[in-house]
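Scroll down for the structure; my scribbles are underneath it.
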Amino acid sequence: MARPRTSKKRKTGDERSAACGVTVTLPDHVVTEVLVRLPARSLARLRCTCRSWNAEVSLPGFQDRHHALAAAKLTFLEPAPTHMGSYRIRRGLSRRTLPWLSNCFDCPRVIGSKPCWGLVLIARPCEGYSVCNPTTGEILHLPRLYRPHCATVMGFHAPAREFKVVQLGIDEEVVGKLHAIVLTVGDARGWRAISSFQLGLGFTDDAASIDRNVQPVFADGCLHWSFRTNYLDKPHGVLSFSLADESFRRVPQPPFSMVDLVPVHLNGVRNYRLLRAKGIRSGSGEEVAMPVGKTLAELDGRLCMVRDVRHRSDHDVLLEIWKLQDYDTGSWSLDYRVDLPAPGQRQRQLLTAPWLVVPLSYLGGSRPGDKKRKLLVATTAHEAHVYDPDSGTLRTVASIDSSGDGDDDSIRLLLYQESLVRLPGMQHGLGNIKFVQLSNSEHM
Numbered sequence: 001m002a003r004p005r006t007s008k009k010r011k012t013g014d015e016r017s018a019a020c021g022v023t024v025t026l027p028d029h030v031v032t033e034v035l036v037r038l039p040a041r042s043l044a045r046l047r048c049t050c051r052s053w054n055a056e057v058s059l060p061g062f063q064d065r066h067h068a069l070a071a072a073k074l075t076f077l078e079p080a081p082t083h084m085g086s087y088r089i090r091r092g093l094s095r096r097t098l099p100w101l102s103n104c105f106d107c108p109r110v111i112g113s114k115p116c117w118g119l120v121l122i123a124r125p126c127e128g129y130s131v132c133n134p135t136t137g138e139i140l141h142l143p144r145l146y147r148p149h150c151a152t153v154m155g156f157h158a159p160a161r162e163f164k165v166v167q168l169g170i171d172e173e174v175v176g177k178l179h180a181i182v183l184t185v186g187d188a189r190g191w192r193a194i195s196s197f198q199l200g201l202g203f204t205d206d207a208a209s210i211d212r213n214v215q216p217v218f219a220d221g222c223l224h225w226s227f228r229t230n231y232l233d234k235p236h237g238v239l240s241f242s243l244a245d246e247s248f249r250r251v252p253q254p255p256f257s258m259v260d261l262v263p264v265h266l267n268g269v270r271n272y273r274l275l276r277a278k279g280i281r282s283g284s285g286e287e288v289a290m291p292v293g294k295t296l297a298e299l300d301g302r303l304c305m306v307r308d309v310r311h312r313s314d315h316d317v318l319l320e321i322w323k324l325q326d327y328d329t330g331s332w333s334l335d336y337r338v339d340l341p342a343p344g345q346r347q348r349q350l351l352t353a354p355w356l357v358v359p360l361s362y363l364g365g366s367r368p369g370d371k372k373r374k375l376l377v378a379t380t381a382h383e384a385h386v387y388d389p390d391s392g393t394l395r396t397v398a399s400i401d402s403s404g405d406g407d408d409d410s411i412r413l414l415l416y417q418e419s420l421v422r423l424p425g426m427q428h429g430l431g432n433i434k435f436v437q438l439s440n441s442e443h444m
């Protein structure tokens, strides 16, 4: 008589492995390659589960690789509602300052054309400067300063892995005298005078001043400020500060900076704002203004300057980008043009209507055989566009409907890559500093 067939349950792979006592372990270098490609939020959770993973993620080399592999995405810094702020003002010729309450506008705002190794320098007129990491939600408040008519910027000195913040002004009473102080973030000494403080930078006009309408920029391992004189047809240029040896040098601007002067009364584009760039000709005394959107930028790691001819009737080009080729000779070369044909009037208005247009990054074109590079720009209308030189068209990739009070002249869109960098003294919680990552920006 045949025996009845009995059903047997097949063992799963895990049960067989457990029965054999086999544990599968990935090599450390494979684990590292997996970790370095994970989002920062995932890494934050994993750091709590394994000491060796936490140690690996804390290494500077790992953080550098993670930052380099992170996809760059557009991020928007939200403006705060108008509020009261506490300031200090100088009265008369005295160096003493007095407290003063006033409305705080344009708060907070980004300093510099782009983040520095994933960290962002934020200025709040009511509270001073702070260094933020939007990835980790941490903030470091810098020691408060009360120095008017100065411009501040942050850079990263890679060999020493130091972040330095430098504030610069030019003394209008002493010809050519710089007021410059530096803060090495995390250094207990705080703000300090720069030892290589120089007088002989070639200033011959006692009205020389830092152009605070042009954002300072970090590029080529140096910090850069644009300076001007009261006589706009006289030579002006860029002050460069080396983070390595903390020394200054003067670099001439491209030749267009004195050619594009326009009479103030003939330019009807937001004429009251044109007064910020106003000056006079040395011979005739005619009131003229510098290009409205003259802008310093960092593109592909190099210092660039934008020539703004959006409102000139004798130019078909809207913007030109000039790249500094040599610091010693001060030579510049034309690197890029933005030109939209006349039939695309609606697209032209996207660039001509805003007060300022700032290039954020070149896109593509880095390999042989690639098409021409596209250009990502941001505007003070809180929009970002990609210009395609092959088709001569503009594509809007971000548009923020901001309901802030009054006119906002700040560039609030920035191209951001995740960063795991944490500075000594950083605290969790950005307060009312809010960064909003735009979800569709990865499709640029």
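Quick note: the sequence shown uses the UniProt record's numbering, first residue 1, plus one each step.
The beta-carbon is built from N, C-alpha and C at its ideal position, and this holds for glycine as well.
Please list the terminal residues of the continuous alpha helix (DSSP H) segment that includes residue i.
i	result
T49	Neither: T49 is in no alpha helix (DSSP H) and is coded neither H nor E.
R422	Neither: R422 is in no alpha helix (DSSP H) and is coded neither H nor E.
Nearest to residue i by CA position, among the options, is which residue?
i	options	result
G221	T229, R192, G301	G301
Y231	L35, R65, I280	I280
R348	G392, T380, G61, H157	G392
T184	K164, R310, L168	K164
C132	P341, S439, G425	G425
T32	R65, C304, R147	R65
Q167	I111, N54, A219	I111
F241	Q253, A219, T229	A219
T396	H385, V317, G118	H385
V251	W355, D245, F227, A244	F227
L350	K372, E383, G364	E383
P115	A123, M154, C48	M154
R124	T135, G118, T136, P108	P108
Y327	D388, D106, C48, L223	L223
P254	L243, W322, E286	W322
L430	S42, S58, T136, R47	T136
N394	V30, R249, A297, L318	Residue 394 is actually Leu in this sequence, not Asn. Among V30, R249, A297, L318, the Cα nearest to that of L394 belongs to L318.
R212	C50, Y362, E246, H149	H149
Per the DSSP calculation, residue i is bridged to which residue(s)?
i	result
F105	The partner list for F105 (beta bridge, DSSP) is empty, contrary to what the question assumes.
E56	None; E56 has no bridge partner.
E437	Before going on, a small fix: residue 437 reads as Gln here, not Glu. T75, per the DSSP bridge assignment.
L375	Y362, Y387
P252	G237
Q167	T152, I181
N213	According to DSSP, which records beta bridges pairwise, N213 is partnered with nothing at all.
H141	S130
T393	D388
R192	V182
Under 7 Å from any heavy atom of the ligand PLP, does the C-beta of residue i make it?
i	result
V214	Here there are no bound small molecules, and the ligand PLP is not part of this structure.
Can you give me the Cβ contacts of residue i inside the same chain, cut-off strictly under 6 Å, excluding the 5 residues immediately before and after it?
i	result
A70	Q417, E418
L324	L303, W332
L438	L74, A398
E138	M426, H428
K434	E78
P134	F435
A381	P354
A72	L415, Q417
W225	A151, L168, I210, P216, L239
I400	F76, H382
T295	V306, V358
P4	Annotation note: pLDDT 49 at P4 (below 50); position unreliable, coordinate value reported separately. Same-chain partners within the cutoff: there are none.
L46	W53
Spatial neighbours of residue i within its chain, please: CB distance less than 7 Å, with the 5 preceding and 5 following residues excluded, ordered by chain position.
i	result
T329	none
R147	Q167, G169
R144	G128
R161	P60
A80	C107, P108, N432
A68	none
R37	L69
A378	V358, L360, A384, I411, L413
In terms of residue numbering, what span does the beta strand (DSSP E) encompassing residue i cover?
i	result
H236	H236 -> no beta strand (DSSP E), and no H or E assigned at all.
L299	295-299
V30	Not the beta strand (DSSP E): V30 falls in the alpha helix (DSSP H), residues 28-35.
Q349	From DSSP, Q349 is part of no beta strand (DSSP E) but of the alpha helix (DSSP H) over 345-352.
D401	Premise fails: D401 is in no beta strand (DSSP E) and is neither H nor E.
A225	Note on identity: in this sequence residue 225 is Trp, with Ala being the wrong assignment. That run of the beta strand (DSSP E) goes 222-228.
residue 458	The question about residue 458 has no answer here: the residues shown for the chain are numbered 1 through 444.
E286	E286 -> no beta strand (DSSP E), and no H or E assigned at all.
Y336	331-338
W322	319-326
L243	From DSSP, L243 is part of no beta strand (DSSP E); its letter is neither H nor E.
Excluding five sequence neighbours on each side, which residues of the same chain lie with their C-beta closer than 8 Å to the C-beta of residue i?
i	result
residue 488	The structure shown does not extend to residue 488, since the chain spans only 1 to 444, so no value can be given for it.
V421	Q63, H67, W117, G118, L119, N133
D187	none
residue 479	As displayed, the chain neither begins before 1 nor continues past 444, which places residue 479 out of reach and without an answer.
Taking 8 Å as the CB-CB limit, is residue i close to chain C?
i	result
D328	The structure shown contains no chain C; it is built from a single protein chain.
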